[in-house]
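Peer 1:
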Amino acid sequence: MSTHRFAVNVTPKPGILDPQGRAVEGSLGHLGIDGVSAVRVGRRVEMTVDAADEPSARAIVERLASELLANPLIESYAIESVAGASSTVGEPGG
Amino acid sequence: MSVRVGVVVFPGSNCDRDTTHALAMAGAEPVELWHEQASLEGVAAVVLPGGFAYGDYLRAGVIARFSPVMRAVGAFAAEGGLVLGICNGFQVLAEAGLVPGALLRNRGLRFLGRDVHIAAERLDTPFTHALAAAGQPLRMPIAHGEGCYFADDPSLDALERDSQVLFRYVDADGRRAGTDDRAANPNGSLRAIAGVISGNGNVAGLMPHPERAAEAVLGSEDGAGIIRSLVDSAARAASGETAVAVGAG
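Chains A and B supply the protein sequences, listed in that same order.
Heads up: the first sequence begins at 502 in our numbering, then just goes up one per residue.
Heads up: the second sequence begins at 777 in our numbering, then just goes up one per residue.
#1: In the DSSP assignment, what residue or residues form a beta bridge with Gly1016(B)?
#2: What would DSSP say about Arg915(B), mapped onto helix, strand or coil?
#3: Quick check on Val838(B) - is its C-beta less than 8 angstroms from some C-beta in chain A?
#4: Can you find the residues in the same chain that come closer than 6 angstroms, C-beta to C-beta, to Glu581(A), ignoring five residues on each side of it along the sequence?
#5: Using the Cα positions of Gly827(B) and Leu834(B), report the straight-line distance between them to the nearest angstrom.
#6: Verify whether the separation of the beta carbon atoms of Asp998(B) and Leu914(B) is less than 8 angstroms.
#7: Starting from the beta carbon of Ala878(B), find every residue of chain A whose beta carbon is closer than 7 angstroms, and list them in chain order.
#8: Which residues mark the beginning and the end of the alpha helix (DSSP H) in which Thr795(B) is found?
#9: Answer yes or no: does any C-beta atom of chain B fall closer than 8 angstroms to that of Ala524(A)?
#10: Who are the near neighbours of Leu994(B) in its chain, counting only those whose CB is closer than 8 angstroms to its CB and skipping five residues on each side?
#11: Cα separation between Ser974(B) and Met916(B)?
#12: Do Leu880(B) and Ala927(B) count as a contact pair if the criterion is CB distance below 8 angstroms?
#13: According to DSSP, which residues form a beta bridge with Tyr945(B)?
#14: Taking Val542(A) as the reference, give the member of Leu569(A), Val511(A) and Glu563(A) with the closest Cα.
#15: Under DSSP, the alpha helix (DSSP H) around Phe852(B) begins and ends at which residues?
#16: So, under 8 angstroms CB-CB, Cys1027(B) and His985(B) are touching, yes? Tell me the CB distance rounded to an integer number of Å.
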């Protein structure tokens, strides 16, 4: 068995109105910032997965992301490994 | 004997009592169905009530979708069982893929609690047949933060073509609201869609609350026709009749 740390980044699909992103954009003027556009607000979910190996762990995260964390009608997701957080547990026959 | 209609209770449901009351007023025997139970106890129809199931964490309705009772509801719906989702219940049905589309954050980002008008597009469904007329404005409240109906354009066109738009936001005179008409369509739903029905006509969801507008003391009785339609259809289903002639228009 080995332990892996992942993050799933969920964002609204292109073309989906993102009122939170608009609200953030709307506040930029108050900060005296310009030149920033197309702000999209998403969600990042991090998790630790114990599995036989990295591909098996990633497959679990893929299923979790597609069935629960993102709604495919309105959101896309990307899975990333979180560096430095993975470890292999020495387990005979594991 | 009055027909038994189930009301699912999730942790965070808050309209289950209103719904059981409205169902009883319409002559049904309401049966509360706890989210952890896998049996629907032989009810003739199921209502998913409003509220904030599982705190609406992640996305409204998504955690509820995976509860034991929803597996039973999915199987019930697949066999033609009548299912109505109100507000959060509509969000659960959409997340479960039992009705088309998704409910996004309201355009204005704010939670909205106020009266709106909706009109039924069709009367030939188990959820609308007791209404007086299609297109007639029905006044009832909304209370939601994520009620902006969304589907992509080809899906919206397909919904219109197949007569799956069940309710639309209208103004007090019954004129269809525009997408950007914040007075009549406050959450900004695409094509002013307030409720939809499944392709085979036995599952429907809507964001407004007919159960909160089902008797005069509540300020409006306009929602009673929707509840009555469901109870009557459930009674017919329980007695072995086809609920009503349904199918794409």
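Beta carbons: idealized from backbone N, C-alpha and C, even for Gly.
Note that the coordinates shown come from a computational prediction; the quantities given were computed from them, not determined experimentally.
Peer 2: In short:
#1: Note: Gly1016(B) sits in no beta bridge, so no partner.
#2: The three-state reading of DSSP puts Arg915(B) in strand, counting E and B together.
#3: Yes, Val838(B) counts as interfacial toward chain A.
#4: For Glu581(A), where only same-chain residues beyond five positions count, the Cβ hits under 6 angstroms are Ala508.
#5: In this structure, the alpha-carbon of Gly827(B) lies about 15 angstroms from that of Leu834(B).
#6: Yes, the Cβ-Cβ distance between Asp998(B) and Leu914(B) is below 8 angstroms.
#7: Neighbours of Ala878(B) in chain A, taken as residues whose beta carbon is under 7 angstroms from its own, are Asn572, Leu574 and Ile575 in chain order.
#8: Counting along the chain, the alpha helix (DSSP H) containing Thr795(B) begins and ends at Asp792 to Met801.
#9: Interface residue, yes.
#10: Counting only residues of its own chain and dropping the five nearest sequence neighbours on each side, Leu994(B) has a CB closer than 8 angstroms to the CB of Arg988.
#11: Ser974(B) and Met916(B): Cα-Cα distance of roughly 23 angstroms.
#12: Annotated as distal: Ala927(B) and Leu880(B), with beta-carbon spacing of 8 angstroms or more.
#13: Beta-bridge pairing links Tyr945(B) to Ile894(B).
#14: When the alpha-carbon of Val542(A) is set against those of Leu569(A), Val511(A) and Glu563(A), the nearest one is in Val511(A).
#15: Segment Pro844 to Ala854, the alpha helix (DSSP H) holding Phe852(B).
#16: Limits of chain B in this structure are 777 at one end and 1025 at the other, which puts residue 1027(B) out of reach.
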